[in-house]
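In this note's numbering, the protein residues as written are 19 to 270. We put the CB at the ideal spot given by N, CA and C, even for glycine. Working notes for the structure below.
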Amino acid sequence: MKADLSKIVNNKKITALEEQVLEYIIDNIDNVMDIGVRGVAGENYTSTSTIMRLSKKLGFTGFIDMVYNIIPLVSNKNTGTVEKSEALIGTDINFLFKYIEEEHVNKFIELLTGGTKKYIFIYARGYSKIAGEYFNKKMLGIGIKSILIDSIGSFENNLEDMEMLIVISKSGETKEVLDKVEVAKKKNKVVVSFTKEVENSISELSDVSFKIFDMHKLDDSNMLPNSFFANMLMFMEYLIYRYYEETNIKKQ
């Protein structure tokens, strides 16, 4: 995955060569101090003055100052790939998985990494739609072709382009969502659902079912404080983490 230079560059204009040098430093952050500015210049077929100009342009006093400031931004302990035990810092991962089967997680990750050329549709209503919007952006961010469906017409008119339907319904009984699930099943499409942990119609019909604990199962209006959506978003983050983990293994 190509490094995101935006936090380092901070809207400053850099040349293609300077971008190449910066990416080289990030990709080799563990040994650039050992080879020094001359080594970095040699590896990029440029001069030390180019690297010094880059450091000044980014607001650093020189090469060493630039590297020391970049290290915290790309270190594994901060924003790089985290260890599995740290994947959801501040969250009780065992509690998150209390009602979720590992088999369903593995199946979902296999579907994502399968390289489908078709689209993933995401559908939700009410508060669940907020979570749907979030997950859709996360999916797009990792290069998965997904679409947040907001109307019956856009759903029915594009069924042939759909590989998978992801639905979110706290109750698992929302009629508009259940209708979409039934249509998708008739068309032999894969259905993935996020619902509360009790048995429900949507979960029963789903090929992959993710059940999140609901503190107030009778509060359909979501008026009471509830960790359901917060925990669901954290679980979605875990799915993204597992996707990265799996795709990195395949690249090795």
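Any idea what DSSP makes of Y117, helix, strand or coil?
-> Counting from one through the sequence shown, the residue named residue 117 turns up at place 99. Coil at Y117, not helix or strand.
Inter-residue spacing [alpha-carbon to alpha-carbon] between D52 and E151 | As a position in the sequence shown, residue 52 is number 34, starting the count at 1. As a position in the sequence shown, residue 151 is number 133, starting the count at 1. Spanning the two alpha carbons is a distance of roughly 45 Å.
Does the beta-carbon distance from S169 to I140 come in below 8 Å?
-> The residue you call residue 169 lines up with position 151 of the sequence shown. The residue you call residue 140 lines up with position 122 of the sequence shown. Not a contact, by the Cβ cut-off of 8 Å.
Note the first and the last residue of the continuous beta strand (DSSP E) segment covering E181.
-> Working through the sequence shown from its first residue, we reach residue 181 at position 163. It spans M180 to I186 - the beta strand (DSSP E) in which E181 sits, taken as one unbroken run.
Give a yes or no on whether the C-beta atoms belonging to Y117 and E215 are separated by under 8 Å.
-> If you number the sequence shown from 1, residue 117 lands on position 99. If you number the sequence shown from 1, residue 215 lands on position 197. The answer is yes: Cβ separation under 8 Å.
Residues that V209 bridges to, as DSSP identifies them = Within the sequence shown, numbered from 1, the residue matching residue 209 stands at position 191. Paired residues: L183.
Proximal residues to T109 (C-beta, below 7 Å), its chain only, five neighbours per side dropped | Numbered from 1 along the sequence shown, position 91 holds the residue referred to as residue 109. Closer than 7 Å at the Cβ level, and outside the excluded window around T109, lie M252.
Taking the C-alpha atoms as reference points, what is the distance between N28 and K74?
-> As a working note, residue 28 is residue 10 in the sequence shown. As a working note, residue 74 is residue 56 in the sequence shown. Rounded to whole angstroms, the gap between the alpha carbons of N28 and K74 is 13 Å.
Using a threshold of 8 Å, state whether the C-beta atoms of K207 and M182 are closer than that.
-> As a position in the sequence shown, residue 207 is number 189, starting the count at 1. As a position in the sequence shown, residue 182 is number 164, starting the count at 1. Contact flag set, yes.
Go to L223, then tell me how far its alpha helix (DSSP H) extends in each direction, as first and last residue.
-> What you label residue 223 is simply residue 205 of the sequence shown in a count that begins at 1. Taken as a continuous stretch (DSSP letters only), the alpha helix (DSSP H) holding L223 covers S219 to L223.
For A248, which option in K188, I32, L158 and M180 has the closest C-alpha, if you only look at C-alpha atoms?
-> What you label residue 248 is simply residue 230 of the sequence shown in a count that begins at 1. Cα-wise, what sits closest to A248 is K188.
Bridge partners - L166, DSSP secondary structure assignment | Indexing the sequence shown from 1 puts residue 166 at position 148. In the DSSP output, where bridge partners are listed per residue, L166 has I140.
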